[in-house]
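Chain order of the listed sequences is A and B. Following our numbering, the numbering of the first sequence begins with 12 at its first residue and continues without gaps. Following our numbering, the numbering of the second sequence begins with 292 at its first residue and continues without gaps. Please read the structure below before turning to the comments.
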Amino acid sequence: SQTIHQWPATLVQPVGSPLSLECTVEGTSNPNLYWYRQAAGRGLQLLFYSVGIGQISSEVPQNLSASRPQDRQFILSSKKLLLSDSGFYLCAWSLPGLAAYEQYFGPGTRLTVT
Amino acid sequence: SQQGEEDPQALSIQEGENATMNCSYKTSINNLQWYRQNSGRGLVHLILIRSNEREKHSGRLRVTLDTSKKSSSLLITASRAADTASYFCATDDTGANSKLTFGKGITLSVRP
């Protein structure tokens with residue numbers, strides 16, 4: 012069966028510090044991978060998605076970046092965090108391809124920028 | 292920008308009652324999905340309905356889709372306190388290429 016892991020679960024970082032959030036998927040090959048951010052009491056904002064290694068599509072201009080160094084690993088980074096980067100970050104995977112299949116979400120990372 | 296708009300934004304019902312949540316969208320879609328999120332957790336996929344389907348059931352869940360009105364509804368029958376969560380609709384816009392657009396969600400509280 013497939014599982015998705017995210018870490019860390021919670022993170023408190025000062026403004027201007029770097030960020031690295033990691034997401035890994037087990038039990039499937041060549042998944043589509045997604046990073047979302049959810050502000051308090053709000054819906055999900057798609058940040059990045061990837062349909063293959065090294066293929067990253069950015070949805071929202073910002074100071075965040077994403078990388079996919081391995082087939083089932085997706086990393087969200089920032090060189091300098093802003094207060095507005097605070098939120099709940101969710102990674103998700105779906106079956107490969109261009110159709111929008113069901114997405115399976117990780118447990119999320121709660122990021123607080125102080 | 293958000294495609295799906297759910298209503299109501301919040302719903303409070305008594306255990307045993309039915310809960311109906313609605314979602315409207317703006318563009319043509321391939322499919323529409325409903326997800327559930329418990330507080331502080333990731334989303335869980337509930338049900339997917341394709342654009343050529345009008346109704347779908349899964350356990351106590353019933354989803355309808357009216358593409359002419361660009362709307363969908365999620366009905367939870369015989370609600371339980373454990374159904375307390377936020378519910379999101381998500382649309383796969385035609386031509387969107389593997390992306391979903393989520394609404395802002397509905398907060399459902401089921402009182403025991």
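Heads up, the beta-carbon is just placed ideally off N, CA and C, and yes, glycines get one too.
For A:Leu93, there is no enclosing beta strand (DSSP E), as DSSP gives it neither H nor E. Two segments are said to touch when three or more pairs of C-beta atoms, one from each, lie closer than 8 Å; by this definition the segment 66-77 of chain A does not touch the segment 106-122 of chain A. Annotation: A:Gly38 to A:Phe85 spans about 15 Å, alpha carbon to alpha carbon. If you check the CB distance, B:Ser389 and A:Asn74 do not come in under 8 Å.
In this structure A:Gln17 is buried. Its beta-carbon is surrounded by 16 or more other beta-carbon atoms within 10 angstroms. The Cβ atoms of B:Gly295 and B:Tyr326 do not sit closer than 8 Å to each other.
Of all residues in the segment 348-376 of chain B, none places a beta-carbon less than 7 Å from a beta-carbon of chain A. Under the 8 Å criterion on CB atoms, B:Leu339 is classed as interfacial with respect to chain A.
With a cut-off of 8 Å on Cβ pairs, the segment 352-362 of chain B is not in contact with the segment 88-102 of chain A, counting fewer than three such pairs. In this structure B:Leu334 is buried. Its beta-carbon is surrounded by 16 or more other beta-carbon atoms within 10 angstroms. DSSP, read as helix, strand or coil, puts B:Asp374 in helix. When C-beta distances to chain B are compared with 9 Å, the residues of the segment 49-64 of chain A below that value are Gln49, Gly52, Arg53, Gly54, Leu55, Gln56, Leu57, Tyr60, Val62, in chain order.
Less than 8 Å separates the beta-carbon of A:Gly54 from that of B:Phe379. Taking C-beta atoms under 8 Å as the contact rule, A:Leu32 and A:Tyr100 qualify, at a distance of about 6 Å. For B:Glu306, there is no enclosing beta strand (DSSP E), as DSSP marks it with neither H nor E. Look at B:Leu391 here: in three-state DSSP terms it is coil, with no helix or strand label. Taken in chain order, the members of the segment 377-400 of chain B whose beta-carbon sits within less than 7 Å of a beta-carbon on chain A are Phe379, Asp383, Ala387, Asn388, Ser389, Lys390, Leu391, Phe393, Gly394, Lys395, Gly396. Contact annotation: A:Val26 and A:Trp104 have beta-carbon atoms that are not nearer than 8 Å. The residue among B:Thr382, B:Ile367, B:Met312, B:Ala376 with its C-alpha nearest the C-alpha of B:Asn329 is B:Ala376.
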